[in-house]
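Read top to bottom, the protein sequences are chains Z and A.
Take the first sequence: its letters are residues 26 to 348, numbered as in the numbering used here.
Take the second sequence: its letters are residues 8 to 237, numbered as in the numbering used here.
Note that beta-carbon positions come from the ideal geometry of N, C-alpha and C, so glycine has one too.
Everything on this sheet refers to the single structure shown next.
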Amino acid sequence: MTVSSAAASNFRRVLDSGRFSFTAEIGPPMSGDAENVRKKARSLKGFVDAANITDNQTAIVRMSSIAAGYLAYTEGVEPIIQMTCRDRNRIALQSDLLGACALGLRNVLILSGDHQSFGNHPASKNVYDVDSIQLLDAVRGMADDGLFMGGSRLKTPIDIFPGATANPFADPRELQLIRLGKKIRAGAKFVQTQGIYDIAKFRDWMEAVRALGFHERARIIAGVVVNKTQKSMEMTALVPGMDIPESALRRMRDAKNKEEEGIGIALDLIGELKNIEGVAGVHVMAIGWESAVKTISELAGMLPRPSFDEKLEEGSWPETKQT
Amino acid sequence: MIVAERKNIDEILRMVEPYSNVAVVACGTCVAVSMAGGEAQALEIASLIRKKARAGGRDVEVTVTSVIRQCDMEFLDALDDRAEIYGAECVLSLGCGAGVQFMAEKYPYKIIVPGLDTTFIGVNRGLGFWTEMCQGCGDCVLEKTGGICPVSRCAKSHFNGPCGGSSGGRCEINADADCAWQLIYDRLKRINQTDRLLEINPARDWRASRDGGPRKLVRADVTVGDNDGE
């Protein structure tokens, strides 16, 4: 049974068509307030191809990413459901994949998840029944082989477009690239990177990615964090795995209008990223400042976003093989 | 070995407070080596209990005795003819969790309370310094990972390399902790086995670990007679 084209991933079509993708992020609220999500989604509608819905990021309890993703979907913003391995075992993860699929949510970004010690429930048990590569492999199995992890058959294979994350600034590079290669082999079709501030370092990383041919097997999407204040940039610098060069911090420090400068830094980065071979799109992270996305999409020349009426072509993605 | 840590003394005093005859039983193996449940610690705890009782104007008999291993019935049987145990209303066991429970099995009508918190299976890295090395997960992967355990030493028990929070060889949750996958990588490089990193390690069967329920080991080769482990 195939899923109707109306329900297929728009985000995937953008990437498939070779157009430069433009995505953003919605952080679900620490409440059950649906309007909060709807409002954020409305502020992005028409300006992005899809929006990541974070999964209890920094291990702080928030509205579930699938519930929030569905709210965004009903507002006309296609969600990319983030799914971490921190809180759910393989039974819950597979169940949620089925649930996301049933709701028409087609994109899933698989992550390890920040350790619970960072959040507001440091006393919780950490699960990590599977790691992110094993979960990607599970998604591939449920979609391509029609099999659950436990080996039983799905009546209908899931239709999910799976993605993974990569940190171009983490050490040791060889090991990080090996891991990225495994994520792609396990089925990741797109890769969102950690927020980039250091273009030279990122260029260097992309060169290594191209040498390995990863950009031909998965779409590499460069992450751009937008900072509203100097403090927000300083806080971003403290996030595990973030690498902000002194020059960027100084630029923000010296700026009279921090908001303008924050957007200016993001636009300069996007301008550079667009021209790096193998970069298939940018992913803008403006958590708590969703309105900046509209401005950036306009000023970065990202509008209008493509729309697709034609049916998604079958087999446009190479088959992934498990090793 | 099993590493343990003495419970907060106030907690111990609270547990033994209702009883007028307390036997503190040391264990001479793992917890003695980790300086938590040996005879020296038993004597110290006993004196603290006496002091507290005196301060409260109570008359308490506190005795100290020791066995080689509380997790072994053969050694526990040696307690049978000791007056300390015979007269005790409450036994404060300084064994690990296994020792305390075996003591409770051995003396079904006595109050048995724990004096230690059993922390982990680990190694001694210096005076008063131990680190966790094994979780007893029941399916050892050390052959694949250069002799460094990803289950117990990676904060997320990752099987396929480091998470994005690994930075400068350190774990994201604690800058004092090594990233296990950095250690694995460094070691595999030294022994020319970095190709092992390319393997996708499939999802684990956690039944071998605690997740399959309490574990039991019966070895036919060393079983005598009708022993089915029950």
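For chain Z, is any of its Cβ atoms less than 7 Å away from the one on A/Ile180? At a cut-off of 7 Å between C-beta atoms, A/Ile180 counts as an interface residue with respect to chain Z.
For Z/Met327, I'd like the list of residues in its chain whose CB is within less than 7 Å of its CB, leaving aside the five on either flank, ordered along the chain. Closer than 7 Å at Cβ, skipping near neighbours: Phe47.
Look at the alpha carbon of A/Asp84 and the alpha carbon of A/Val158, and state the distance between them as a whole number of angstroms. Whole-angstrom Cα-Cα distance: 37 Å.
Let me see if you follow: with CB-CB separation under 7 Å, is Z/Ser90 close to chain A or not? Z/Ser90 does not count as touching chain A.
Using a Cβ-Cβ distance cut-off of 7 Å, determine whether Z/Gln159 contacts chain A. Yes, Z/Gln159 lies at the interface with chain A (some Cβ there is under 7 Å from its Cβ).
Per-residue contacts from Z/Ile203 into chain A (C-beta, under 7 Å): The contacting residues are Gly168, Leu204, Leu205.
Excluding the 5 residues preceding and the 5 following Z/Val133 in the sequence, name in chain order all residues of the same chain whose CB lies nearer than 6 Å to its CB. Closer than 6 Å at Cβ, skipping near neighbours: Ile106, Met108, Ile185, Pro187.
With C-beta atoms as the reference, is Z/Ile78 less than 7 Å away from Z/Pro104? Between Z/Ile78 and Z/Pro104, the C-beta spacing is below 7 Å.
Three-way DSSP call (helix, strand, coil) for Z/His240 in this model: When secondary structure is reduced to three states using DSSP, Z/His240 falls in the helix class.
How many angstroms separate the CA atom of A/Asn28 from the CA atom of A/Ala43? Spanning the two alpha carbons is a distance of roughly 22 Å.
Using the three-state DSSP reduction, which class does A/Met22 fall into: helix, strand or coil? Looking at A/Met22 - three-state DSSP - the assignment turns out to be helix.
Closest residue to Z/Ala280 among Z/Lys256, Z/Leu294, Z/Ala262, Z/Glu302 (Cα-Cα distance): Z/Ala280 has its Cα closest to that of Z/Lys256, out of Z/Lys256, Z/Leu294, Z/Ala262, Z/Glu302.
Residues of the stretch 210 to 238 of chain Z with Cβ closer than 8 Å to any Cβ of chain A, in chain order: Correct list: Arg210, Ala211, Gln219.
6 Å Cβ shell around A/Pro169 - same chain, five flanking residues per side excluded: Its chain contains Cys186, Trp188 as the residues whose beta carbon lies nearer than 6 Å to that of A/Pro169, once the 5 sequence neighbours on both sides are disregarded; these appear in chain order.
In the DSSP assignment, the alpha helix (DSSP H) including Z/Arg275 goes from what residue to what residue? Residues 271 to 279.
Where do the N-terminal and C-terminal ends of the beta strand (DSSP E) with Z/Phe194 fall, by residue? Unbroken run through Z/Phe194: none, as it is neither H nor E.
Beta-carbon proximity list for Z/Trp9, same chain, < 6 Å, skipping 5 on both sides: Outside the shown range of chain Z, which is 26 to 348, sits residue 9 of chain Z, and nothing can be said about it.
In its own chain, which residues sit with a C-beta less than 7 Å from the C-beta of Z/Lys207, not counting the 5 before and 5 after it? Closer than 7 Å at the Cβ level, and outside the excluded window around Z/Lys207, lie Ile158.
Below-7 Å beta-carbon distance, Z/Asp156 vs any chain A residue: For Z/Asp156, the answer is yes, since a Cβ of chain A falls inside 7 Å of its Cβ.
Any beta-carbon of chain Z closer than 7 Å to the one on A/Ser216? Not closer than 7 Å to any Cβ of chain Z, the Cβ of A/Ser216 fails to qualify, so no.
When the distance is taken between beta carbons, is A/Val130 closer than 7 Å to A/Met140? With contacts defined as CB atoms closer than 7 Å, A/Met140 and A/Val130 qualify as a contacting pair.
Short Cβ contact (7 Å threshold) for A/Asp146 with A/Ala210: For A/Asp146 and A/Ala210, no; Cβs fall outside 7 Å.
Does Z/Met310 pass the burial test, meaning 16 or more other C-beta atoms within 10 Å, or should it be called exposed? Answer is buried; the Cβ neighbour count reaches 16.
Short CB-CB distance (under 7 Å) between A/Ala162 and chain Z: For A/Ala162, a Cβ of chain Z is located within less than 7 Å of the residue's own Cβ.
Per DSSP, which residues does A/Asn28 bridge with? Please list them. Looking at the DSSP assignment, A/Asn28 forms a beta bridge with A/Glu68.
Please report whether the beta-carbon of Z/Ser120 lies at a distance below 7 Å from any beta-carbon of chain A. The C-beta of Z/Ser120 comes no closer than 7 Å to any C-beta of chain A.
For the candidate residues Z/Tyr98, Z/Ser68, Z/Asp112, Z/Asp74, whose alpha-carbon lies nearest to that of Z/Arg87? That would be Z/Asp112, whose Cα lies nearest to the Cα of Z/Arg87.
Using a C-beta to C-beta distance shorter than 9 Å, which residues of chain Z count as neighbours of A/Ala210? The contact set of A/Ala210 on chain Z, defined by CB atoms closer than 9 Å, consists of Arg115, Asp154, Val155, Asp156, Gln159, Leu160, Asp162, Ala163, Met174 in chain order.
Taking the alpha-carbon positions, what's the Z/Gln201 to Z/Leu40 distance? A straight-line Cα-Cα distance of about 24 Å links Z/Gln201 and Z/Leu40.
Whole-angstrom distance between Z/Ile224 and Z/Leu294, CA atom to CA atom: Rounded to the nearest angstrom, the two C-alpha atoms are 7 Å apart.
Please work out which residues of its chain come closer than 6 Å, Cβ to Cβ, to Z/Ala247, disregarding the five sequence neighbours upstream and downstream, and give them in chain order. Excluding positions up to five away in sequence, the list reads Thr218, Ile221, Leu298, Val304, Val307.
Excluding the 5 residues flanking Z/Ser68 on each side, which residues of the same chain have their C-beta closer than 6 Å to its C-beta? So the qualifying residues of the chain are Glu315, Ser316.
Ordered along the chain, which non-local residues of its own chain (more than five positions away) have a Cβ less than 8 Å from that of A/Lys14? For A/Lys14, where only same-chain residues beyond five positions count, the Cβ hits under 8 Å are Pro121, Gly122, Leu123, Asp124.
According to the Cβ coordinates, are Z/Ile209 and Z/Arg242 closer than 7 Å? Yes.
Please list, in chain order, the residues of the stretch 31 to 50 of chain Z that have any C-beta partner in chain A closer than 8 Å. Residues passing the 8 Å Cβ filter: none.
Using a Cβ-Cβ cut-off of less than 8 Å, list which residues of the stretch 110 to 130 of chain A approach chain Z; keep chain order. The residues in question: there are none.
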